[in-house]
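Novice: Residue numbers (the working numbering): 10 to 326.
From the three backbone atoms N, C-alpha and C, an ideal C-beta is built for every residue, glycine too.
Have a look at this one.
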Amino acid sequence: MKIRHDIHNHSLWSSCCYDPEATVNAFAHRAKELGHTVFGISNHLWDEKVPGASNWYRQQMINYGLEGARAAMPMIPGIRLMVGTETEYCGMTDTLGMLAETAKKFDYVLVPHTHIHMKNFVIPEMDDVKAKRKELVAKILDSMPDFTPAQAEKMVRAFSNGDIENLIGERHVDVVGYNADFMYRSFISLMNNAEFKKLAVTVPTSVAHTFLPCGFSKEMCKTLIEAVSDEKYLECFDLARKLGVGIEVNTGAFKMPENDFADDAMIRVMKLAKKAGCRFTFGTDSHSLAGLDKIRMGDRISELCGIEENDLMDFVR
Numbered sequence: 010m011k012i013r014h015d016i017h018n019h020s021l022w023s024s025c026c027y028d029p030e031a032t033v034n035a036f037a038h039r040a041k042e043l044g045h046t047v048f049g050i051s052n053h054l055w056d057e058k059v060p061g062a063s064n065w066y067r068q069q070m071i072n073y074g075l076e077g078a079r080a081a082m083p084m085i086p087g088i089r090l091m092v093g094t095e096t097e098y099c100g101m102t103d104t105l106g107m108l109a110e111t112a113k114k115f116d117y118v119l120v121p122h123t124h125i126h127m128k129n130f131v132i133p134e135m136d137d138v139k140a141k142r143k144e145l146v147a148k149i150l151d152s153m154p155d156f157t158p159a160q161a162e163k164m165v166r167a168f169s170n171g172d173i174e175n176l177i178g179e180r181h182v183d184v185v186g187y188n189a190d191f192m193y194r195s196f197i198s199l200m201n202n203a204e205f206k207k208l209a210v211t212v213p214t215s216v217a218h219t220f221l222p223c224g225f226s227k228e229m230c231k232t233l234i235e236a237v238s239d240e241k242y243l244e245c246f247d248l249a250r251k252l253g254v255g256i257e258v259n260t261g262a263f264k265m266p267e268n269d270f271a272d273d274a275m276i277r278v279m280k281l282a283k284k285a286g287c288r289f290t291f292g293t294d295s296h297s298l299a300g301l302d303k304i305r306m307g308d309r310i311s312e313l314c315g316i317e318e319n320d321l322m323d324f325v326r
């Protein structure tokens, strides 16, 4: 099937966008050139009515992205242009980053559950990392008696999770089990979140880059995805189907396209979503103008996963 929509991408209104050419206007015109009949901008946003935003999200509140995208969106014959958003789900606190009432302002909402590179916001740090941070605080206080505990903790917080892991060296914790289990549990808790259930009946909603463990190498992504059983995937997708929530086929989540995706673990995931009777949306998750072209990967992915036109959510047809 030729994919004729892309509703997951990030223009310059998202802090993570790195391409100076990635304007809303340029995106919309490139979408038309690619043959899309439906195209949506989905910049990262957090609802200021929801407490708990990270420092990164505090710079990306609702009106910032909404007004910017709507003001810049051109009128192009033959293509339906929409303004959506990618908000956040913090599994560790069961916090949805947008109220259903606020979601009415958008044409659709994407909700990720696996931004597990966002430590102590989406997912807690592992026990060995926590222990190492405490050890570093103690060392600072021992060597610098003029420092208060709060000052020492502030210094240690400046180190990223990766920095601390490097200091630990060889780890003796189940990294695979911890992260794979979190992905499963966060999906289940998202589907059972009261505000998410309201949101799903208020505006078209799709789960962004479903089960993609963000922040890991492609090899580790494969390992983590494969660590979740078919039974758990089907349990998750059955809940999504019952809620009428879409599953996103994110071309950026397919890390191993070689040999016709023979070794790509995400193919199995999408096949199971199809088996469960889910509906789908497609997106490149592009952070650049050139990245929009990767939607063509979706043509072959849809064939391999058995996803047809009737399997798409109504609003992207």
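Kindly indicate which residue of Glu317, Lys280 and Asn34 has the alpha-carbon position closest to the one of Lys11.
Specialist: Walking along the sequence shown from the start, residue 11 turns up at place 2. The shortest C-alpha separation from Lys11 is found at Glu317.
Novice: Please report the residue range of the alpha helix (DSSP H) in which Met164 lies.
Specialist: Position 155 of the sequence shown holds residue 164. Pro158 to Arg166 is the span of the alpha helix (DSSP H), which, as asked, contains Met164.
Novice: Quick one, are the C-beta atoms of Thr214 and Phe205 less than 9 angstroms apart?
Specialist: As a first step, residue 214 must be located in the sequence shown, where it is residue number 205. As a first step, residue 205 must be located in the sequence shown, where it is residue number 196. Yes, they are a contact pair.
Novice: Should Val260 be labelled buried (16 or more other beta-carbon atoms within 10 Å of its own) or exposed?
Specialist: Your numbering for residue 260 matches position 251 in the sequence shown. The sequence given here places Thr at residue 260; Val does not occur at that position. The residue in question, Thr260, is buried, as its Cβ has 16 or more Cβ neighbours within 10 Å.
Novice: Just to confirm before moving on: does the CB-CB distance between Leu90 and Ala35 stay below 9 angstroms?
Specialist: Position 81 of the sequence shown, counted from the first residue, corresponds to residue 90. Position 26 of the sequence shown, counted from the first residue, corresponds to residue 35. Not a contact, by the Cβ cut-off of 9 angstroms.
Novice: Once the 5 residues before and after Lys231 are set aside, which same chain residues still bring their CB inside 6 angstroms of it?
Specialist: The sequence position of residue 231 within the sequence shown is 222, counting from 1. Around Lys231: Ala274.
Novice: With a threshold of 16 other CB atoms inside 10 Å of the CB of Tyr27, please say whether the residue is buried or exposed.
Specialist: Translated into positions along the sequence shown, residue 27 becomes position 18. Per the 10 Å Cβ criterion, exposed.
Novice: In angstroms with no decimal places, state the Cα-to-Cα distance between Ala31 and Met70.
Specialist: One-based indexing of the sequence shown puts residue 31 at position 22. One-based indexing of the sequence shown puts residue 70 at position 61. The alpha-carbon atoms of Ala31 and Met70 are separated by roughly 20 angstroms.
Novice: Can you check DSSP and say which residues form a bridge with Val258?
Specialist: Reading the sequence shown from its first residue, position 249 is the one you call residue 258. Note: Val258 sits in a beta bridge opposite Phe291.
Novice: Is there a C-beta anywhere in chain C that falls below 9 angstroms from the one on Pro213?
Specialist: Among the chains of the structure shown, chain C does not appear; only one protein chain is present.
Novice: Taking DSSP's pairing of strands, which residues face Trp55 in a bridge?
Specialist: Translated into the one-based positions of the sequence shown, residue 55 becomes position 46. DSSP, once it has assigned bridges, lists Met70 as partnering Trp55.
Novice: Which stretch, first to last residue, makes up the beta strand (DSSP E) that contains Ala217?
Specialist: On the sequence shown, residue 217 is found 208 positions in, with the first residue counted as 1. Taken as a continuous stretch (DSSP letters only), the beta strand (DSSP E) holding Ala217 covers Thr214 to Ala217.
Novice: What is the DSSP secondary structure of Leu21, reduced to helix, strand or coil?
Specialist: The sequence position of residue 21 within the sequence shown is 12, counting from 1. Three-state result, Leu21: coil.
Novice: State the Cα-Cα distance for the pair Ser295 and Ser51, rounded to the nearest angstrom.
Specialist: Counted from its first residue, the sequence shown places residue 295 at position 286. Counted from its first residue, the sequence shown places residue 51 at position 42. Ser295 and Ser51: Cα-Cα distance of roughly 10 angstroms.
Novice: Could you pull out every residue in the same chain whose Cβ sits closer than 6 angstroms to the Cβ of Lys264, ignoring the five residues on either side in sequence?
Specialist: Along the sequence shown, read from residue 1 onward, the residue named residue 264 stands at position 255. Excluding positions up to five away in sequence, the list reads Lys227 and Cys230.
Novice: How big is the Cα-Cα spacing for Asn202 and Phe156?
Specialist: Locating residue 202 in the sequence shown gives position 193, where the first residue counts as 1. Locating residue 156 in the sequence shown gives position 147, where the first residue counts as 1. So the alpha carbons of these two residues sit roughly 42 angstroms apart.
Novice: Looking at C-alpha atoms only, which residue of Tyr98, Pro154 and Val146 is the closest neighbour of Ile132?
Specialist: Indexing the sequence shown from 1 puts residue 132 at position 123. It is Tyr98.
Novice: Between the Cα of Phe291 and those of Ile197, Val33 and Met322, spot the shortest distance and give me the residue it belongs to.
Specialist: On the sequence shown, residue 291 is found 282 positions in, with the first residue counted as 1. It is Met322.
Novice: Does the Cβ-Cβ distance between Val33 and Ala81 come in under 9 angstroms?
Specialist: Position 24 of the sequence shown, counted from the first residue, corresponds to residue 33. Position 72 of the sequence shown, counted from the first residue, corresponds to residue 81. Contact flag set, yes.
Novice: So, for Leu21: in the same chain, excluding its five sequence neighbours on each side, which residues have a beta-carbon less than 7 angstroms away from its beta-carbon?
Specialist: Taking the sequence shown and counting its residues from 1, the one referred to as residue 21 is at position 12. Excluding sequence neighbours, Leu21 sits near Ala31 and Thr32.
Novice: Measure the C-alpha to C-alpha separation of Phe289 and Cys314 and round it to an integer number of angstroms.
Specialist: What you label residue 289 is simply residue 280 of the sequence shown in a count that begins at 1. What you label residue 314 is simply residue 305 of the sequence shown in a count that begins at 1. Rounded to whole angstroms, Phe289 to Cys314 spans 11 angstroms at the Cα level.
Novice: Are there 16 or more other CB atoms within 10 angstroms of the CB of His14, so buried, or fewer, so exposed?
Specialist: As a working note, residue 14 is residue 5 in the sequence shown. So His14 counts as buried.
Novice: In the DSSP assignment, find the alpha helix (DSSP H) that holds Arg142 and state where it starts and stops.
Specialist: One-based indexing of the sequence shown puts residue 142 at position 133. Run containing Arg142: Asp136 to Ser152, per the alpha helix (DSSP H) assignment.
Novice: Which residues does DSSP pair with Thr104 in a beta bridge?
Specialist: In the sequence shown, residue 104 corresponds to position 95, counting from 1. Paired residues: Cys99.
Novice: Relative to the C-alpha of Ile167, which candidate in Lys251, Lys128 and Val92 has its C-alpha closest?
Specialist: As a first step, residue 167 must be located in the sequence shown, where it is residue number 158. Note on identity: in this sequence residue 167 is Ala, with Ile being the wrong assignment. Checking every option, the nearest Cα to that of Ala167 belongs to Lys128.
Novice: Helix, strand or coil for Met306 per DSSP?
Specialist: Within the sequence shown, numbered from 1, the residue matching residue 306 stands at position 297. Helix.
Novice: Measuring only from the beta carbon, is Ala236 closer than 8 angstroms to any heavy atom that is part of the ligand FMN?
Specialist: Within the structure as shown, the ligand FMN is missing, as the structure has no ligands at all.
Novice: For Gly286, which residues of its own chain have a beta-carbon under 6 angstroms away from its beta-carbon, when the five flanking residues on both sides are left out?
Specialist: Taking the first residue of the sequence shown as position 1, residue 286 is located at position 277. Cβ within range, chain order: Arg250.
Novice: Would you call the CB atoms of Asn188 and Ile149 closer than 9 angstroms?
Specialist: Counting from 1 along the sequence shown, the entry for residue 188 is found at position 179. Counting from 1 along the sequence shown, the entry for residue 149 is found at position 140. For Asn188 and Ile149, no; Cβs fall outside 9 angstroms.
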